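Chains as they are written, first to last, in our numbering: chain A, -10 to 219; chain B, 19 to 242. Structure record follows, encoded as structure tokens.
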Ligand SMILES: [Zn+2]
Ligand SMILES: [Zn+2]
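This is the structure:
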């Protein structure tokens, strides 16, 4: 059984033409052949079905690694230093939540922790865990679960909303105190940009096809596909 | 290069063939298999109880939207006593102080977006029941916008979190979060769940169901 599609740079588990159903109108159609960077659109409603992203796993690995690095820095250094009189406050991500918990608002604190710490961590960490070994055809234990989870976390990771909140608070406080940006702020911006690039650059078709292949017993793994025709 | 959609005369829906596309990985498999063979997600022709769940989350959000806007979102304790701010009184205050950008951002994120999101979801639910004549393509655009904008409503909750932590100016001033902050984050979470429960394919099912002499599609199995 030949599992290679002449127009794909990765093997697929079945050699039959791939069927896709539009997530919006449920129209069943055969996945079209795509050149690098092109998108496939539903023939009935025009929604985008998927997009071919060249070297998507390499991009996802690089950007999610950078994002994790920035995440570490933004937890280690304060993103805002405020001086008013002789009181200096250094604000970190964890602090902004723990202060809420201390003021008898555990639920609100939990929400802030989830949106700004846990969800981004699952998103970026899960992506790295899946994408990095998959470049070499390996899937680590639990890779499927991790892939499911990082896709689910996408809407709940709200660091860019938190950044807007930071800007609004600065405009509110500007006249009351001396404010100084810390290293944490720049790494927070880096984290937002890198995680957006990592998630945006992933080719989901390739990711799931490769995950499926990587779970086969070694003897059944098809040989690398010939380079795609232009 | 973006290929133009070329409308085919009679689109065949996956559901009419008993095929379900996985919510997570997109693989098309027979719905009788039960779980996606690739990622083990439960398979459904349509999201289960989509409209009921969308309505339930939406109604809960609307109910919580009232205390979120009438109760104080934070209390500022200064030398001159305690001052309780609601979302709207905050907007008005910043407008009067000529801080127009702050007023506009808070008003858009905390008042306008949740309201528009609720209206959009009600509209989508009605359309899925066949009570709207809007073109399905405009409705899917509406759905995309709803999904995209919803999360930005959390901005004011984050502002409260940041201010509470930041403003510990000795004995001069303290800020404590009010009950509206919790209500408001619940509103955002509930509207996000509501949008996630909605299945846009229901709109197209309605659209294809309409009496159309040129097509004779098999009737869809309903899975609501
Ligand atoms: Zn479609
Ligand atoms: Zn699946």
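For every residue, glycine included, the Cβ atom is placed at its ideal position computed from N, Cα and C. Since the model is a prediction, treat every value here as computed from it, not as a measurement.
If you measure from the beta carbon of residue 235/B to each beta carbon in chain A, is any gap under 7 Å?
-> Confidence at residue 235/B is low in this model, with a pLDDT of 46, below 50, so its placement is unreliable and no value can be given for it.
What is the DSSP secondary structure of residue 94/A, reduced to helix, strand or coil?
-> It is coil, neither helix nor strand.
May I ask which residues mark the beginning and end of the alpha helix (DSSP H) holding residue 39/B?
-> Per DSSP, residue 39/B belongs to no alpha helix (DSSP H); it is in the beta strand (DSSP E), 37 to 39.
Using the rule of at least 16 other Cβ atoms within 10 Å of the residue's Cβ for burial, across every protein chain shown, is residue 154/B buried or exposed?
-> Of the residues assessed, residue 154/B falls on the buried side of the cut-off, its CB having 16 or more other CB atoms within 10 angstroms.
Would you tell me roughly how many angstroms separate the C-alpha atoms of residue 128/B and residue 185/B, rounded to the nearest one?
-> When rounded, the distance between both Cα atoms is 22 Å.
Ignore the nearest five residues each way along the sequence and tell me which others in residue 25/B's own chain have a CB closer than 6 Å to its CB.
-> With a pLDDT of only 48 at residue 25/B, under the threshold of 50, the placement of this residue in the model should not be trusted, and no figure is reported.
Using 8 Å as the threshold, is the region 9 to 28 of chain A in touch with the region 128 to 148 of chain B, meaning 3 or more CB pairs across them?
-> Short answer: they don't touch.
Residue 22/B versus residue 193/A: straight-line alpha-carbon distance, rounded | Confidence in residue 22/B is poor, its pLDDT being 49 and thus under 50, which makes the residue's placement too unreliable to answer from.
Counting only runs that start and end within the region 17 to 93 of chain A, where is the alpha helix (DSSP H) found for 4 or more residues in a row?
-> Whole alpha helix (DSSP H) segments, 4+ residues: 45 to 65, 82 to 91.
Name the residue from 126/A, 173/A, 165/A whose alpha carbon lies nearest to the alpha carbon of residue 204/A.
-> It is 126/A whose Cα lies nearest to the Cα of residue 204/A.
Hey, is residue 195/A close to ligand 1, as in C-beta under 6 Å from one of its heavy atoms?
-> In terms of side-chain proximity, the C-beta atom of residue 195/A is found no nearer than 6 Å to any non-hydrogen atom of ligand 1.
DSSP three-state assignment for residue 115/B, whether helix, strand or coil | The answer is coil: DSSP assigns residue 115/B none of H, G, I, E or B.
Residue -8/A burial status per 10 Å Cβ neighbour count (16 or more: buried) | Confidence in residue -8/A is poor, its pLDDT being 46 and thus under 50, which makes the residue's placement unreliable; the coordinate value appears in the next sentence. Residue -8/A sits buried, since 16 or more C-beta atoms from the chains shown fall within 10 Å of its C-beta.
Say the cut is 6 Å; is the CB of residue 39/B nearer than that to a heavy atom of ligand 1?
-> Taken from the Cβ of residue 39/B, every heavy atom of ligand 1 lies 6 Å or farther away.
Taking a cut-off of 6 Å, which residues have a beta-carbon closer than that to any heavy atom of ligand 1, in chain order?
-> Taken from the N-terminal end onward, the list reads 11/A, 13/A, 14/A, 16/A, 31/A, 33/A, 34/A, 36/A.
Ligand 2 heavy atoms versus the CB of residue 45/B: any closer than 6 Å?
-> Distances from the CB of residue 45/B to the heavy atoms of ligand 2 include at least one below 6 Å.
Continuous beta strand (DSSP E) stretch holding residue 126/B: start and end | No beta strand (DSSP E) holds residue 126/B; DSSP gives it neither H nor E.
As assigned by DSSP and simplified to three states, the class of residue 104/B = In the three-state scheme derived from DSSP, where H, G and I count as helix and E and B as strand, residue 104/B is classed as coil.
Using a Cβ-Cβ distance under 7 Å, would residue 169/A count as near chain B?
-> The beta carbon of residue 169/A does not come within 7 Å of any beta carbon belonging to chain B, so the residue lies off that interface.
Taking the alpha carbon of residue 197/B as the point to measure from, which residue in 172/A, 164/A, 89/A, 176/A has its own alpha carbon closest?
-> The shortest Cα separation from residue 197/B among 172/A, 164/A, 89/A, 176/A belongs to 89/A.
Beta-carbon contacts of residue 113/A that lie in its chain and below 6 Å, excluding the five residues immediately before and after = If we look at residue 113/A and ignore the five residues flanking it on each side, its Cβ neighbours are 53, 56, 57, 184.
Through-space distance from residue 38/B to residue 47/B, alpha-carbon basis | CA-CA distance, residue 47/B to residue 38/B, rounds to 6 Å.
Please state whether DSSP places residue 105/A in a helix, a strand or coil.
-> DSSP places residue 105/A within a helical segment (H, G or I) once states are collapsed to three.
Residue nearest to residue 155/A in terms of C-alpha spacing, selected from 144/A, 164/A, 46/A, 170/A = Considering only alpha carbons, the answer is 170/A.
For residue 193/B, does the three-state DSSP call read helix, strand or coil?
-> It is a strand residue.
Kindly examine ligand 2 and report whether one of its heavy atoms sits closer than 6 Å to the Cβ of residue 59/B.
-> Yes, since a heavy atom of ligand 2 falls inside the 6 Å radius drawn around the Cβ of residue 59/B.
Name the residue from 173/B, 222/B, 99/B whose alpha carbon lies nearest to the alpha carbon of residue 151/B.
-> Its Cα nearest to that of residue 151/B, the residue 222/B stands out among 173/B, 222/B, 99/B.
Give a single yes or no on whether residue 157/A has its beta carbon closer than 6 Å to a heavy atom of ligand 2.
-> Every heavy atom of ligand 2 is 6 Å or more from the Cβ of residue 157/A, so no.
Contact test: residue 137/A Cβ vs ligand 2 heavy atom, cutoff 6 Å | Incorrect: residue 137/A has no Cβ contact closer than 6 Å to ligand 2.
Would residue 100/A be called buried (16 or more neighbouring beta carbons within 10 Å of its own) or exposed?
-> Buried, by the Cβ-count rule.
7 Å Cβ cutoff met for residue 160/A and residue 110/B = With a cutoff of 7 Å on beta-carbon distance, residue 160/A and residue 110/B are scored as not near each other.
Within 10 angstroms of its Cβ, does residue 60/A collect 16 or more other Cβ (buried), or is it exposed?
-> Buried.
Could you say which of 178/B, 215/B, 102/B lies nearest to residue 86/A if we only look at CA atoms?
-> Proximity to residue 86/A across 178/B, 215/B, 102/B peaks at 178/B, based on C-alpha coordinates.
Could you say if the region 98 to 114 of chain B and the region 203 to 217 of chain B meet the contact criterion of at least three C-beta pairs nearer than 8 Å?
-> No, the region 98 to 114 of chain B is not in contact with the region 203 to 217 of chain B.
Hey, could you find the ends of the alpha helix (DSSP H) residue 139/A is sitting in?
-> Unbroken alpha helix (DSSP H) run through residue 139/A: 132 to 142.
Residue from 124/A, 164/A, 149/A whose Cα sits closest to the Cα of residue 106/A = Per the Cα distances, 149/A.
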